[in-house]
Amino acid sequence: GDSTGGHRAERVSYTLDVPANVSAYSIVFNYAVVLQNPNHAPLEQPRFNVQIIDESTNNTTSCGSFEFVASGSLPGFEVSKQGRSVVFKPWSPVLLNLTAYLGRRIRLEFTTNDCTFNAHFGYVYLDVNENCSYPITGNVICPGTVPIVLKALPGFNEYEWSNTATGELLGKADSLVLPANTPVGRQFSVKLVPYPGLGCIQTLHTTIEGPKVDIKQP
């Protein structure tokens with residue numbers, strides 16, 4: 103879309119074949135959306151719609167499909183400094199666990215709409231990252247040197263980091279700082295809680311690993 107009205111709609115789609123020969127598969131898409139809020143009736147407002155479709159059945163998936171309709175109370179949105187009639191959401195991730203769709207073709211459809219009249223706009227920026235493993239970084243370390251920082255995807259509503267073995271709650275931010283002497287092999291999990299209506303709660307797991315050393319034969 104763009105920053106002009108004209109009662110138009112734009113759509114872009116992204117299609118992928120989920121591998122059949124893996125035990126788990128996920129992708130991440132990121133979006134940043136800008137909507138003008140003219141306070142029309144809800145059906146007349148600018149909006150941004152996401153549909154995740156299983157092409158074998160033409161049904162939407164259980165998580166990842168959502169819609170934003172311009173209003174003054176959208177979760178995670180801010181009011182633009184360029185004008186109070188414009189609301190925006192900075193770059194935000196959606197993690198799609200597609201393990202239930204191994205071997206199938208999935209289509210992501212992104213649609214923006216202006217208002218149904220002529221003057222008010224909606225547009226979005228998109229980035230899709232296919233990722234065969236769960237996106238927690240920082241788990242490969244050199245033990246005992248510096249604090250270990252595990253990082254999850256930013257942009258979720260809530261986070262809960264735990265020690266997998268004990269269930270102890272360790273943190274509620276998008277990253278977790280661990281002591282430098284945390285042993286290799288210790289396991290941690292993080293529960294990602296999206297904003298209401300923006301996907302399903304998912305728990306990701308990671309294990310502290312030492313550096314991989316390539317030993318060459320003389």
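The opening residue of the sequence shown carries number 103 in the numbering used here; numbering runs sequentially from there. Just so it is clear, CB atoms sit at the ideal spot from N, CA and C, and this is done for glycine as well. As the structure is a prediction and not an experimental result, all values here were calculated from the model.
In chain order, what residues of the same chain have a beta carbon less than 8 Å from the beta carbon of residue i, not counting five sequence neighbours either side?
i: residue 249; result: 279, 280, 281 and 282
i: residue 271; result: 262, 263 and 264
i: residue 195; result: 130, 131, 132, 255, 256, 257 and 258
i: residue 204; result: 120, 121, 122, 124 and 127
i: residue 274; result: 260, 261, 262 and 263
Would you mind working out which of the options sits nearest residue i, comparing C-alpha positions?
i: residue 160; options: 190, 211, 108 and 303; result: 211
i: residue 119; options: 155, 109, 143 and 276; result: 155
i: residue 142; options: 209, 127 and 216; result: 216
i: residue 293; options: 299, 287 and 266; result: 266
i: residue 228; options: 301, 115 and 269; result: 115
i: residue 157; options: 202, 144 and 207; result: 207
i: residue 178; options: 209, 298 and 197; result: 298
i: residue 193; options: 273, 148, 134 and 200; result: 134
i: residue 175; options: 117, 144 and 240; result: 144
Quick one: measure Cβ to Cβ for residue i and residue j, integer angstroms, because I've assumed they're closer than 8 Å.
i: residue 170; j: residue 150; result: 5 Å
i: residue 338; j: residue 172; result: For the chain, the structure presents residues 103 to 320; residue 338 sits outside this window and is missing.
i: residue 66; j: residue 136; result: Outside the displayed span of the chain (103 to 320) sits residue 66, for which this structure offers no information.
With H, G and I counted as helix, E and B as strand and the rest as coil, what does DSSP make of residue i?
i: residue 213; result: strand
i: residue 317; result: For residue 317, the pLDDT reaches just 49, beneath the cut-off of 50, and the residue's location in the model is therefore unreliable, although a value from the coordinates is still provided. Looking at residue 317 - three-state DSSP - the assignment turns out to be coil, as it is neither helix nor strand.
i: residue 180; result: strand
i: residue 306; result: strand
i: residue 145; result: helix
i: residue 297; result: coil
i: residue 111; result: strand
Please list, in chain order, all residues of the same chain as residue i whose beta carbon is under 6 Å from its beta carbon, the five residues on each side excluded.
i: residue 214; result: 103, 112, 150, 224, 225 and 226
i: residue 305; result: 291 and 293
Per DSSP, which residues does residue i bridge with? Please list them.
i: residue 197; result: 130
Keeping to the same chain, check which residues put their C-beta closer than 7 Å to that of residue i; ignore five residues upstream and five downstream.
i: residue 286; result: 245, 310, 311 and 312
i: residue 110; result: 216
i: residue 153; result: 162, 167 and 211
i: residue 317; result: Note that residue 317 has pLDDT 49, beneath the 50 cutoff, so the model's placement of it is unreliable and no number is given.
i: residue 185; result: none
i: residue 106; result: 223
Between residue i and chain E, is the shortest Cβ-Cβ distance under 7 Å, so that the two count as touching?
i: residue 150; result: In summary, chain E is missing from the structure at hand, where a single protein chain is found.
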